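Per my numbering, the sequence shown starts with residue 1439, numbered consecutively.
Every residue gets a Cβ at the ideal spot worked out from N, C-alpha and C, and that includes glycine.
Computed from a prediction, not measured in an experiment: that's the story for all the values here.
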Amino acid sequence: MTEVKAGDTVSIHYKGTLDDGSVFDSSEGRDPLKFTVGTGQIIPGLDNAIPGMKVGDEKTVHVPADKAYGPVQPQARQPVPRDQFPPEIPLEVGRQLQVQTQDGQTLQVVIAEVGDDNVILDANHPLAGKDLTFAISLVGID
């Protein structure tokens, strides 16, 4: 039976959980995740766990934060004067927004804090700083 190697396009079913057991993502009820191994299309800790698997193999992979979405970056939290927000945007903690950087790049941010004068926007990935566990099943090698 063929084993996965770097450069192969594979399909996996997966369930991702946090240390407390809560599920943050899953392919259940969806098509399997398809990607090319070793090309950086998925987080490194999961990508590195796939070579050597065969169709039908299942495994559980613990991915530390530095091999997932990295540590929380304090500089990714930025204060923005409250008066720079249009009045129709509710300023609520946890609300996701898209902002445009000075160089024209679109960035996903979350409102982390709302103060009298400033709103703190957080551009960290929601899973930054978290260790992740994936239950994976290899369903195909193309």
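- By the CB criterion at 9 angstroms, D1446 and V1475 fall inside the cutoff.
- In chain order, P1517, V1518, P1519, R1520 place their CB closer than 7 angstroms to the CB of N1556, counting only its own chain and leaving out the 5 sequence neighbours on each side.
- Per DSSP, the continuous beta strand (DSSP E) segment holding G1578 begins and ends at 1570-1579.
- Of the residues assessed, D1580 falls on the exposed side of the cut-off, its CB having fewer than 16 other CB atoms within 10 angstroms.
- If you look at L1484, you'll find it in the alpha helix (DSSP H) that goes 1482-1485.
- Contact check for A1514 against L1570 fails: the beta carbons are separated by 9 angstroms or more.
- One thing to note: H1563 has its Cβ within 9 angstroms of the Cβ of G1508.
- Under the DSSP definition of a beta bridge, V1448 partners with F1473, I1579.
- If you ignore the 5 residues before and after V1537, its C-beta comes within less than 6 angstroms of the C-beta of L1545, V1547, all in its own chain and listed in chain order.
- Residue pairing from DSSP places Q1546 in a beta bridge opposite Q1536.
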